[in-house]
Structures are given as C-alpha cells and as structure tokens.
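Below is one structure, written out as structure tokens; the observations come after it.
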Amino acid sequence: MPFLDDTPDISEGVRTFFDKSTVALVLADDRREDCPLVGVNDGFLGLSGYDADEVLGRNCRFMQPEGGAGPVRDRMRAFIAEPDRINDKFVVPNVRRSGERFLSLVYMTKLSRDGRKSLILGSQFDITRSNPTAARAYDDALSRDLRRLSELFGETNFVLLGTYESLASSQSLIVQARLDG
Numbered sequence: 001m002p003f004l005d006d007t008p009d010i011s012e013g014v015r016t017f018f019d020k021s022t023v024a025l026v027l028a029d030d031r032r033e034d035c036p037l038v039g040v041n042d043g044f045l046g047l048s049g050y051d052a053d054e055v056l057g058r059n060c061r062f063m064q065p066e067g068g069a070g071p072v073r074d075r076m077r078a079f080i081a082e083p084d085r086i087n088d089k090f091v092v093p094n095v096r097r098s099g100e101r102f103l104s105l106v107y108m109t110k111l112s113r114d115g116r117k118s119l120i121l122g123s124q125f126d127i128t129r130s131n132p133t134a135a136r137a138y139d140d141a142l143s144r145d146l147r148r149l150s151e152l153f154g155e156t157n158f159v160l161l162g163t164y165e166s167l168a169s170s171q172s173l174i175v176q177a178r179l180d181g
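Once you know that position 89 of the sequence shown is 89 in the UniProt record's numbering, the rest is easy, because the numbers rise by one and skip nothing.
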C-alpha cells in the first residue's frame, strides 16, 4: 500500500488494511494545501490505471475530464469545507490513465484527530456498466472496510466521523445517474 513518506501518523495496521482491501481506497490530507492524496491502494491504482508515484501528492482532480467534473465538483468542495458534513457520496465523471472515460461513485468520509478534521477517506466504484449485484457487493465490502478502519484508525487517535450505518444506498445513486445521463 503506497503512502507518502511524510505521513507518519498512519498506523501500520491501517497501512496493512489498505493493502489487503478489495475496495478502491484513498486517503487525502486536508491539512495540506489542495488536499493531496497521501495514500492509495492497489484497488484504486487498478481502477485508475495510474502508478502510485503518479498520484501521491496530487489532488484527485487529475482524474476528472478536461474542463472539470461539472457541478459535482462544487458539491465535493462544499462537502470538504462544511465542518458538519461528515460523509457523502458523489457520482463523478473520471478518466483513466488510458484515456477511457467512466462514471465513478465516490464515497468520502472525514477523519479527525483531537477534534480537528485532517484526513479524508475516499472510495470509488466504477458504475459505468455496473449491475445491482455489483453495487450491493461494493456496499457490503465498503461497510466491512469502514467498520475495520474505524477500529484501526483508533490506534492513532483518529476518529472515523462517518459510520457504515450512514451509508446511503449505492443502487439508488446508480439508477439516478443513469436517469440523469
């Protein structure tokens, strides 16, 4: 599991968990300018087609198509800026390293330490050609991962602000995205 070298406050347990997770996961550091990615796993690298050294230290906007992601980008910025919003899901147009476009269901939740939000955990799921079974499998895997990550982040005094119980139904977002698109 690749992490930036200057991210010492991530426990070995979290690093190992990211390495073993089947869900595409990233960590972004809201304490740094432009909220860069400080950790990514193989699931994310496989989904995006990028190598770790191409993504670490960059804001995840690099995956958006030329011209940006449209109105969802403003919604994502508002989520990051609003302290009372702890988690949300977004349907985001993305582009793989190969140039292939895809729609991504992005789940984000904020992590805090000592009462201050500092990291954002993100997960992505390609919904371009997904089916309800795949969406349910993603929801189930993400819920399990969030439970375990909540325990592991506790080792370093981080608090996972969003909980797995608060996950909205991915299937409804997928259907809505298809209706809107």
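For every residue, glycine included, the Cβ atom is placed at its ideal position computed from N, Cα and C.
These figures come from a predicted structure and were not determined experimentally.
Supposed contact pair residue 28 and residue 38 - C-beta distance, whole angstroms, cut 8 Å: 7 Å
Same chain only: Cβ atoms within 7 Å of residue 76, ignoring 5 sequence neighbours per side: 90
Buried versus exposed call for residue 216 [16 or more other C-beta atoms within 10 Å across all chains shown]: What the structure shows of the chain is the stretch from 1 to 181, and residue 216 is not part of that stretch, so it cannot be assessed.
Reference residue 105; option with closest CA among 95, 111 and 126: 126
Of the residues 103, 98, 96 and 80, the one placed nearest residue 112, counting alpha carbons only: 80
Cα-Cα separation, residue 233 to residue 58: Given a span of 1 to 181 for the chain in the structure shown, any question on residue 233 remains unanswerable.
Through-space distance from residue 109 to residue 84, alpha-carbon basis: 11 Å
Reference residue 7, options 74, 100 and 31, closest by Cα: 31
Length at least 4, wholly inside the segment 89 to 126: the alpha helix (DSSP H) runs in chain order: none
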